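A.B. asks: Take 54 as the starting number for the sequence shown in my numbering and just add one per residue. Virtual Cβ for every residue (Gly too), placed ideally from N, Cα, C. All values reported here derive from a predicted model rather than from experimental measurement.
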Amino acid sequence: MKIKKIAIVGAGTAGWLAANHLGHELRADPDVQITVIESADVPTIGVGEGTVPYVMKGLERFGISEAELLLQCDTTFKQGIKFVDWLDKKTHGDNHYYHPFDSPYPAGFDISPYWLTQQEKLPFDDIGIQARIAELGLAPKQRSSAEYQGPLAYAYHFNALKFAALLAKNAKQRFRVEHQIATVTGAETDDQGLIRCLTTSAGDKLHFDFYVDCSGFASILIDKTLKVPFISKADELLTDRALVQQIPIADGQPLPPYTTATAHAAGWIWDIPLTSRRGTGFVYSSKHMSDDEARREFASYLGLDPATFAPRQIPMPIGYREQFWLGNCVALGLAQGFVEPLEATSILVTDFAAELLARHFPRHLADVTVCQPYYNQVLRYVWDGVVDFIKLHYFLSDRQDSAFWQDNRDESKLSAQLKNRLAMFKLRPPQQSDFFSRFDLFNEKNFLYVLYGMKFQTQLQPLTPYEIRRSEELLQSNQQLVAGASREFLPHRVWLDALKHAAQQRAG
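(1) State the Cα-Cα distance for the pair G203 and I180, rounded to the nearest angstrom.
(2) Tell me, please, whether the stretch 299 to 309 touches the stretch 117 to 126 by the rule of three or more beta-carbon pairs shorter than 8 Å.
(3) Cutting at 6 Å between CB atoms, please list the residues of its own chain near L79, excluding the five before and the five after it.
(4) Based on the DSSP output, what are the partners of L285 in its beta bridges?
(5) What does a CB cutoff of less than 8 Å around K215 pick up in its chain, not counting 5 residues either side in sequence?
(6) If we count the other Cβ atoms within 10 Å of its Cβ and call it buried at 16 or more, is H260 buried or exposed?
(7) Below 8 Å on the Cβ atoms is my contact criterion, and I expect V383 with F377 to pass it. Report the Cβ-Cβ distance as a whole number of Å.
(8) Taking C-alpha atoms, which residue in H545, E121, Y209 lies nearest to R196?
(9) According to DSSP, what are the bridge partners of A551?
(10) Rounded to the nearest angstrom, how far is the Cβ of A192 from that of W458, given a contact under 8 Å?
(11) Compute the distance between the beta-carbons of A397 and F335, then report whether it is under 8 Å.
(12) How big is the Cα-Cα spacing for P153 and S465?
(13) Where does the unbroken beta strand (DSSP E) through C267 begin, and where does it stop?
(14) Hey, out of Q183, L471, A213, whose CA is closest to T442's CA?
(15) Using 8 Å for Cβ pairs, my map puts A64 next to A221. What's the rounded Cβ distance?
(16) I want to know whether the stretch 216 to 236 touches the stretch 352 to 372 - three or more CB-CB distances under 8 Å.
(17) Quick one: is V535 buried, meaning 16 or more other Cβ sit within 10 Å of its Cβ, or exposed?
(18) List the endpoints of the continuous alpha helix (DSSP H) containing V137.
(19) Straight-line CA distance for V147 to H77?
(20) My understanding is that V439 touches L475, with C-beta atoms under 8 Å, so please give their C-beta distance in whole angstroms.
(21) Let's test the definition: count the other Cβ atoms within 10 Å of the Cβ of N473 and tell me whether it reaches 16, buried, or not, exposed.
(22) Unbroken alpha helix (DSSP H) runs of length 4 or more, entirely within the stretch 316 to 340: which are they?
(23) Just verifying my parser: in three-state terms, what is the DSSP assignment at Q195?
(24) In the DSSP assignment, find the beta strand (DSSP E) that holds L251 and state where it starts and stops.
(25) So, is Q453 buried or exposed, given that buried needs 16 or more other C-beta atoms within 10 angstroms?
(26) Looking at C-beta atoms only, is the number of pairs between the stretch 157 to 174 and the stretch 496 to 513 that lie closer than 8 Å three or more?
(27) Over what stretch of residues does the alpha helix (DSSP H) that includes Y502 continue unbroken?
(28) Leaving out five residues before and five after E119 in sequence, what residues of the same chain have Cβ atoms less than 6 Å from its Cβ?
(29) Residues in its own chain within less than 8 Å of K258 by CB, not counting five upstream and five downstream?
(30) Exposed or buried, T333, counting other C-beta atoms within 10 Å across all chains shown (16 or more means buried)?
(31) Could you have a look at F489 and say whether DSSP puts it in helix, strand or coil?
(32) Exposed or buried, which one is H74 when buried takes at least 16 other CB atoms within 10 Å?
(33) Report the rounded CA-to-CA distance for K225 versus A347, giving the unit in angstroms.
(34) With a Cβ-Cβ cutoff of 8 Å, do A388 and S285 count as a contact?
(35) Given Q183, which residues of its chain have a CB within under 8 Å of its CB, disregarding the five upstream and five downstream residues?
(36) Pick out whichever of D94, V89, F162, F130 has its Cα sitting closest to the Cα of E520.
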């Protein structure tokens, strides 16, 4: 039977990303109709406000204008993450490092072996220029830069609810996606275990051929209907709750072009600048910090009165489904899995998984048996890699000020792959050949920035005179580029205000 009617249950970022990916991939088939089903009774989580450059490829392919994204979603540029106090203050004092988006190979040359001999003199993120550009508060694009292009790699911070609305508008106008309001409460299956129809709170039965579960943590289809087990990773990643709060930003206030991730005694705090406000979140382990203590610590960070401070609390079940695709149902977004948003992982995996589904979407139900095993194998690999990369940040920390940080250094909780990689990286820096799959969403470049930002020790290697000379030339070139940066790049806020002013002039 040909798959003609596709239901996407859930209308948050995951649902509308899926609608655009599927809509774009299947746009030439007039028989296919995609319907996003939104519940008016269930609010979206709406806190995933940071991205990585990967998201740009999809947005451009969908036909969404970058100017529209920047103007309609309170969007700012993101050039990476600034990690604050992830190392022991007694040893290192006030400390920070950047995980920027630019390559750690200036001019394509690996200078990490040379940097190891100079690590007491300069931070690892100085091997590129983006960390310094970000610290100066400059935009990654020039005035003349084309859409989705610029001299520096970048991504975005945006209002998640407005971003979902932009995706919805595009999917409906460009890909004929239908939008239906109904509260899905469950589903019925046939004798083969396939979903036959959705059931709603109004007593209706909605029949489709294929179902995409984007119902968030509720996981109405993949969990409640199909009973696919959840694989918890709580023994590896210890945080399990987040408090979230939006903080106003005054007009004209400088905007950092990066996410700030500040470590505390039992987790970390995200701080994301939008044009209209800051999105902040206090991530913590409830086994190591009480809810009241977390609320007070969060209030202190924000400079607010703890007596009246009442942030929203979000539970964080850490892990993923045993299968992501079962029969005629695929789970995406929070229904598929979740880890804390330390490296913008949620929207990254959601976007990747939605694109993978679209590119391997079966045209007939009989084809599911071919597509399903491949999809599950790839996504399991992706999720395991993501868990490893997040765990890396905690395991490398030398903080000893709380049981939380001490517990995170338990080697028995590392995966075999991460343990083997760390053993190898003590002998030499990470190389591309250490990451042998195109599905490694975090590769040697990401590991280099985190490992050496957190003072990981690697054996020194003999260097040739050419390697020394070339490395020194590239570092000197970086200094010259940074020195001239203020002439090449506008302050972040100024660039965004100029775009807004130009749009207002065009509108009359």
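C.D. replies: Reading off the structure:
(1) 19 Å
(2) no
(3) V85
(4) Residue 285 is actually Ser in this sequence, not Leu. S285 pairs with G372.
(5) Only Q125, C126, D127 meet the Cβ criterion.
(6) exposed
(7) 6 Å
(8) H545
(9) By DSSP's assignment, A551 forms no beta bridge with any residue.
(10) No, A192 and W458 are not in contact; Cβ-Cβ is about 35 Å, not under 8 Å.
(11) no
(12) 30 Å
(13) C267 -> no beta strand (DSSP E), and no H or E assigned at all.
(14) Note on residue identity: the sequence assigns Phe, not Thr, to residue 442. Considering only alpha carbons, the answer is L471.
(15) That pair is a contact at about 7 Å.
(16) no
(17) buried
(18) No alpha helix (DSSP H) holds V137; the beta strand (DSSP E) holding it covers 133 to 137.
(19) Looking at the sequence itself, residue 147 is Asp, so the reference to Val does not match. Rounded to the nearest angstrom, the two C-alpha atoms are 48 Å apart.
(20) With 8 Å as the limit, V439 and L475 do not qualify as a contact, their Cβ atoms being about 17 Å apart.
(21) exposed
(22) none
(23) coil
(24) Note, L251: beta strand (DSSP E), 248 to 253.
(25) Counting Cβ neighbours within 10 Å, Q453 comes out exposed, since fewer than 16 surround it.
(26) yes
(27) 497 to 506
(28) Apart from the 5 residues on each side of it in sequence, E119 sits with its Cβ closer than 6 Å to the Cβ of E200, Y201 in its chain, given in chain order.
(29) E241, C250, L251, T252
(30) buried
(31) coil
(32) buried
(33) 42 Å
(34) no
(35) Q132, G133, Y151, P153, F154, D155, P193, L205, A206
(36) F162
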